[in-house]
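**Student:**
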Amino acid sequence: MTDISQIFAGAQITLPSSAALGLDASTWLIDEEVYDNRIDGVNEHMSSPSPGTMPSGWKAKYLCHDLHNPHTEAFMRVFSQCPDEGTERFPPHIRAQQADPSFEHYEAKARKAFQQGRCRSVPPLLGWGQSVQGEYRPVPGGYITHLVWEKVSGEVLSPEFFWSLSQSRRDLIRDKFRIAYQEILSFGWVPGGQHIGKIIWNEESTDLWISGFHISLRTEKQWSNDVLAHFELIKPPPRGPCDPLLRPRGSWDKWKW
Numbered sequence: 315m316t317d318i319s320q321i322f323a324g325a326q327i328t329l330p331s332s333a334a335l336g337l338d339a340s341t342w343l344i345d346e347e348v349y350d351n352r353i354d355g356v357n358e359h360m361s362s363p364s365p366g367t368m369p370s371g372w373k374a375k376y377l378c379h380d381l382h383n384p385h386t387e388a389f390m391r392v393f394s395q396c397p398d399e400g401t402e403r404f405p406p407h408i409r410a411q412q413a414d415p416s417f418e419h420y421e422a423k424a425r426k427a428f429q430q431g432r433c434r435s436v437p438p439l440l441g442w443g444q445s446v447q448g449e450y451r452p453v454p455g456g457y458i459t460h461l462v463w464e465k466v467s468g469e470v471l472s473p474e475f476f477w478s479l480s481q482s483r484r485d486l487i488r489d490k491f492r493i494a495y496q497e498i499l500s501f502g503w504v505p506g507g508q509h510i511g512k513i514i515w516n517e518e519s520t521d522l523w524i525s526g527f528h529i530s531l532r533t534e535k536q537w538s539n540d541v542l543a544h545f546e547l548i549k550p551p552p553r554g555p556c557d558p559l560l561r562p563r564g565s566w567d568k569w570k571w
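Numbering (my numbering), first residue to last: 315 to 571.
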């Protein structure tokens, strides 16, 4: 498989089959890069109740399609280990000492759990691969992870669109969202940075999905209306300049639904 330094529009990425995930081998043609950025080695305080070391790496997202079925559009996320800052020009055998071939980001763990459990509330996984970098790559022996999930038919919700809808339509979206969120809670995972942009809504079919798991969090929490507030699906009442900021707890009578 290919690390981020070798991926460009037109590149082909072949991923293996996985019996555990119910995935056939597949080849994906890269259409365009959505973004890429470097992640310096840190402790995963946001991702784990027991912080552990995360090696330095690159994270990138691409729009792609199935080489043998061009109508199947998808997103691909690639995680690839990179040398620690200041060691990029060290000889390969020195950089290889940083290699962590088995490291797996929380997004990969979450999406694999959803796939194995047949979760219907997140876009389905279409491809997965875990490999290591070759002898002359940035970190010889370092991890590479590929995740491909379906580009579902719908639009990312925005506050402007949501609050332009009728009361009955907003109620429908909130009901669908609650069902979807309760399902992902049953797997013990939620997306980090919770906000309305994590929700994909198909206005015609009324299908709803939750996405945006590039930062994934383990959780044992249960459903509450706090979640609606965090995802901007309800609004706090107006307040004066001296009024305290209302937190999403307690009575919801004065909130806008």
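Yeah, the Cβ is synthetic: ideal placement off N, Cα and C, and Gly gets one too.
(1) Starting from His-544, trace the alpha helix (DSSP H) both ways and give me its first and last residue.
(2) Around the C-beta of Pro-452, are 16 or more other C-beta atoms found within 10 angstroms, so that it is buried, or is it exposed?
(3) Pull up the distance between the alpha-carbon of Thr-341 and that of Val-466, whole angstroms please.
(4) Below 8 angstroms CB to CB, which residues in the same chain sit around Met-360 once its five sequence neighbours on both sides are set aside?
(5) Between the C-alpha atoms of Asn-357 and Met-368, what's the straight-line distance to the nearest angstrom?
(6) From the DSSP secondary-structure annotation, give me the bridge partner or partners of Ile-514.
(7) For Ala-543, does the count of other Cβ atoms within 10 angstroms reach 16, so buried, or fall short, so exposed?
(8) When the Cβ atoms of the region 502-522 are set against those of the region 442-451, are three or more pairs found closer than 8 angstroms?
(9) Does DSSP classify Leu-440 as helix, strand or coil?
(10) Can you tell me the Cα-Cα spacing of Val-541 and Leu-440, whole angstroms?
(11) For the beta strand (DSSP E) that Ser-394 lies in, which residues bound it at each end?
(12) Out of curiosity, what's the CA-to-CA distance linking Lys-566 and Gly-324?
(13) Use the C-beta contact count for Ile-493: other C-beta atoms within 10 angstroms, 16 or more gives buried, fewer gives exposed.
(14) Which value, in whole angstroms, describes the spacing of the CA atoms of Ser-435 and Trp-571?
(15) What did DSSP end up calling Ala-427 once you bin it into helix, strand or coil?
(16) So, using beta-carbon positions, are Tyr-376 and Glu-418 closer together than 7 angstroms?
(17) What three-state label does DSSP hand Glu-358 in the structure shown?
(18) Rounded to whole angstroms, what's the CA-CA distance from Thr-328 to Leu-337? Just pull it up for me.
(19) Is it a yes or a no for the region 462-477 touching the region 511-528, going by three-plus beta-carbon pairs under 8 angstroms?
(20) With contact counted as at least three CB pairs below 8 angstroms, one residue from each stretch, are the region 458-465 and the region 378-397 in contact?
(21) Going by beta-carbon coordinates alone, are Ala-413 and Phe-501 separated by less than 7 angstroms?
(22) Under 8 angstroms by Cβ, that's how I've got Ile-487 and Trp-442 pegged, so tell me the actual separation to the nearest angstrom.
(23) Would Gly-619 be called buried (16 or more neighbouring beta carbons within 10 Å of its own) or exposed?
(24) Hey, Leu-343 and Gln-320: beta-carbon distance below 7 angstroms or not?
(25) What does the alpha-carbon distance come out to for the pair Ala-333 and Thr-316?
**Tutor:** If we stick to the structure as given:
(1) As a first step, residue 544 is located in the sequence shown; it is residue number 230 there, counting from the start. Segment 540-544, the alpha helix (DSSP H) holding His-544.
(2) Translated into positions along the sequence shown, residue 452 becomes position 138. Result: buried.
(3) Start at 1 with the first residue of the sequence shown, and residue 341 comes out as number 27. Start at 1 with the first residue of the sequence shown, and residue 466 comes out as number 152. Rounded to the nearest whole angstrom, the CA to CA distance from Thr-341 to Val-466 is 19 angstroms.
(4) By one-based count along the sequence shown, residue 360 stands at place 46. Model confidence at Met-360 stands at a pLDDT of 37, short of 50, so the residue's coordinates are unreliable; what they give is reported in the following sentence. For Met-360, where only same-chain residues beyond five positions count, the Cβ hits under 8 angstroms are Gly-506, Ile-529, Leu-531.
(5) Within the sequence shown, the letter at position 43 stands for residue 357. Within the sequence shown, the letter at position 54 stands for residue 368. Since pLDDT at Asn-357 reaches only 42, below the 50 mark, its modelled position is unreliable, and the value read off the structure follows with that caveat. Those two C-alpha atoms are separated by around 6 angstroms.
(6) Position 200 of the sequence shown holds residue 514. In DSSP, Ile-514 forms a bridge with Val-470, Trp-523.
(7) Position 229 of the sequence shown holds residue 543. Within 10 angstroms of the beta-carbon of Ala-543 lie 16 or more other beta-carbons, which makes it buried.
(8) Contact fails: fewer than three Cβ-Cβ distances are below 8 angstroms.
(9) Working through the sequence shown from its first residue, we reach residue 440 at position 126. In the structure shown, Leu-440 sits in a strand (DSSP, three-state: E or B).
(10) Taking the first residue of the sequence shown as 1, we reach residue 541 at position 227. Taking the first residue of the sequence shown as 1, we reach residue 440 at position 126. Rounded to the nearest angstrom, the gap between the Cα atoms of Val-541 and Leu-440 is 28 angstroms.
(11) Here residue 394 is taken as the residue at index 80 of the sequence shown, counted from 1. Counting along the chain, the beta strand (DSSP E) containing Ser-394 begins and ends at 383-395.
(12) If you number the sequence shown from 1, residue 566 lands on position 252. If you number the sequence shown from 1, residue 324 lands on position 10. According to the sequence as given, residue 566 is Trp; it is not Lys. The alpha-carbon of Trp-566 is positioned some 51 angstroms away from that of Gly-324.
(13) By one-based count along the sequence shown, residue 493 stands at place 179. Result: exposed.
(14) For this step, residue 435 is matched to residue 121 along the sequence shown. For this step, residue 571 is matched to residue 257 along the sequence shown. One C-alpha to the other measures close to 23 angstroms.
(15) Counting from 1 along the sequence shown, the entry for residue 427 is found at position 113. Residue state, collapsed to three classes: helix.
(16) Taking the first residue of the sequence shown as position 1, residue 376 is located at position 62. Taking the first residue of the sequence shown as position 1, residue 418 is located at position 104. No. Outside cutoff.
(17) Position 44 of the sequence shown, counted from the first residue, corresponds to residue 358. Since pLDDT at Glu-358 reaches only 40, below the 50 mark, its modelled position is unreliable, and the value read off the structure follows with that caveat. For Glu-358, the three-state secondary structure derived from DSSP is coil.
(18) As a working note, residue 328 is residue 14 in the sequence shown. As a working note, residue 337 is residue 23 in the sequence shown. One C-alpha to the other measures close to 13 angstroms.
(19) The answer is yes - the region 511-528 touches the region 462-477, with three or more Cβ pairs under 8 angstroms.
(20) Output reads yes: the region 378-397 touches the region 458-465.
(21) As a first step, residue 413 must be located in the sequence shown, where it is residue number 99. As a first step, residue 501 must be located in the sequence shown, where it is residue number 187. Their beta carbons are not under 7 angstroms apart, which means Ala-413 does not touch Phe-501 by this criterion.
(22) For the purposes of this step, residue 487 is taken as residue 173 along the sequence shown, with counting starting at 1. For the purposes of this step, residue 442 is taken as residue 128 along the sequence shown, with counting starting at 1. In fact, because the Cβ distance is near 30 angstroms, the residues do not count as touching under 8 angstroms.
(23) No answer is possible for residue 619: the residues shown for the chain start at 315 and end at 571.
(24) Start at 1 with the first residue of the sequence shown, and residue 343 comes out as number 29. Start at 1 with the first residue of the sequence shown, and residue 320 comes out as number 6. With contacts defined as CB atoms closer than 7 angstroms, Leu-343 and Gln-320 fail to qualify as a contacting pair.
(25) Here residue 333 is taken as the residue at index 19 of the sequence shown, counted from 1. Here residue 316 is taken as the residue at index 2 of the sequence shown, counted from 1. About 22 angstroms.
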